[in-house]
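Asker: Residues in the sequence shown are numbered consecutively from 1, following UniProt numbering.
C-beta atoms are modelled at their ideal positions from N, C-alpha and C, and glycine is treated no differently.
The structure displayed is predicted, hence computed values, not measured ones.
Structure in structure tokens, see below.
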Amino acid sequence: MSRTTVAALQLGSLPSGKADTLDLILSYEAPIIEAGATLVVLPEAVLGGYPKGEIFGTRLGFRLPEGREAFAAYFDNAIDVPGAETEALASLSARTGATLVVGVIERAGSSLYCSALFFDPARGLIGKHRKLMPTGTERLIWGQGDGSTLTTIDTQAGTVGAAICWENHMPLLRTAMYAKGIDVWCAPTVDERDVWQASMRHIAHEGRCFVVSACQVQPSPAALGIDVPDWEDDRPLIRGGSLIVGPLGDVLAGPLHDQAGLLTAEVDTSQLVPARYDFDVVGHYARPDVFELSVDERPKPGTRFVTGDPGKET
């Protein structure tokens, strides 16, 4: 099936926590079914939250006790993968018949990762991608992913992969993902700026793929009853800006600003080969005699345990 409907579900994490946010996501079951969407992309960190403006009590060279308490609260709001929340999302995928790509904050041991989870209607949770490089002070609270989660999956909409927020700006990551044959590039984000729209159009045009970008939407600090230093009280923390782009860089839907909603577009993957006729970035337009990219996809856990008698064969 070359024609199908894809969607970006634009919403925001609720201040009351992950349980209410999960309920909010689940409330879109009927609209997803009504739209006939076979792929739905949700924003970065929508389950677990993106604590914009939080400093976690950190100054260069020292950390305050209240920052540790803030991190502990943030850790409690993250999710286990797999866990109760992933089971609920897998059920949503099954009921709607849609593949879901969901931005979460993932707990692993005592560390947190900004991840995108992939849910298949028949198989449930089938993969994840951990953000390779947290941006700026995100590095205070999130660990780095490794090459073992450069995940792609086959869906009704074609081959799908994800890059989270500013790792979309990493040229070598984009090249690696293009080489995996991505038809629909998923971009969970919290970047609300106009330049993000330009980046999404560039990636679609460069990779000759469809792009679905889903951004959080968050009200102003005044509306939330919080104080965010150096941020205007009446300015929304995150305005959204979700959009869907075609393989020649044409905007098919969006950007959607200042409101939650399900943004949809019909895509036709039979357009991909014609689009690559004059530019296949990892094919005929590549120069492997000049440039070569090596990608290490081995897991890098940091600790390996080797057991057994080294003098005996097993």
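#1: If I follow the unbroken beta strand (DSSP E) through I55, where does it start and stop?
#2: Determine, using beta-carbon pairs with one atom in the stretch 35-55 and one in the stretch 168-180, whether at least three such pairs fall under 8 Å.
#3: Does the stretch 290-300 touch the stretch 206-224, meaning 3 or more C-beta pairs lie closer than 8 Å?
#4: What residues in its chain sit with their C-beta under 7 Å from that of T149, if we drop five residues either side in the sequence?
#5: Spatial neighbours of D268 within its chain, please: C-beta separation below 6 Å, excluding the five flanking residues on both sides.
#6: Going by alpha carbons, who is nearest to E54 out of A90, T5 and T137?
#7: State the DSSP-derived secondary structure class of L26, mapped to helix, strand or coil.
#8: Considering Y74, what are the terminal residues of the beta strand (DSSP E) in which it resides?
#9: Can you tell which of V251, I238 and L272 has its C-alpha closest to the C-alpha of D258?
#10: If you check the beta carbons only, do F56 and L112 fall under 8 Å apart?
#11: Within 10 angstroms of the Cβ of R63, are there 16 or more other Cβ atoms? Answer buried if so, exposed if not.
#12: Pull the bridge partners of R107 from the DSSP assignment, please.
#13: What are the residues that DSSP puts in a beta bridge with residue 325?
#14: L243: which of P255, R68, R235 and G67 sits nearest, CA to CA?
#15: Can you name the residues that DSSP bridges to E129?
#16: Return the Cβ separation of M200 and A187 in integer angstroms, given the expectation that the two are a contact with Cβ distance under 8 Å.
#17: Per DSSP, which one or two residues make a beta bridge with V184?
Answerer: Taking the geometry as given:
#1: Looking up residue 55 in the sequence shown gives position 55. Careful: I55 lies outside any beta strand (DSSP E) and carries neither H nor E.
#2: no
#3: no
#4: Within the sequence shown, numbered from 1, the residue matching residue 149 stands at position 149. So the qualifying residues of the chain are K128, H129 and R130.
#5: On the sequence shown, position 268 is the one that residue 268 refers to. Contacts found: S2 and R3.
#6: For the purposes of this step, residue 54 is taken as the residue at position 54 of the sequence shown. Answer by Cα proximity: T137.
#7: Position 26 of the sequence shown, counted from the first residue, corresponds to residue 26. Here L26 sits in helix by DSSP.
#8: Residue 74 sits at position 74 when you count from the first residue of the sequence shown. Under the DSSP assignment, Y74 falls outside any beta strand (DSSP E), being part of the alpha helix (DSSP H) whose first and last residues are P65 to N77.
#9: Here the question's residue 258 lines up with position 258 in the sequence shown. Closest in alpha carbon position to D258, among V251, I238 and L272, is I238.
#10: Here residue 56 refers to the residue found at position 56 when the sequence shown is read from its first residue. Here residue 112 refers to the residue found at position 112 when the sequence shown is read from its first residue. No, the Cβ-Cβ distance between F56 and L112 is not below 8 Å.
#11: Within the sequence shown, the letter at position 63 stands for residue 63. So R63 ends up on the exposed side.
#12: Counting from 1 along the sequence shown, the entry for residue 107 is found at position 107. The partner list for R107 (beta bridge, DSSP) reads D80 and L112.
#13: As shown, the chain starts at 1 and ends at 314. That puts residue 325 outside it, with no answer to give.
#14: To locate residue 243, count along the sequence shown from 1; it is residue 243. The shortest Cα separation from L243 among P255, R68, R235 and G67 belongs to P255.
#15: Here residue 129 corresponds to residue number 129 of the sequence shown, with the count starting at 1. Sequence check: residue 129 is His here, not Glu. In DSSP, H129 forms a bridge with A116.
#16: Within the sequence shown, the letter at position 200 stands for residue 200. Within the sequence shown, the letter at position 187 stands for residue 187. Going by Cβ atoms, the distance from M200 to A187 rounds to 6 Å, so yes, they are a contact pair.
#17: For this step, residue 184 is matched to residue 184 along the sequence shown. DSSP output for V184 lists V160 and F210 as bridge partner(s).
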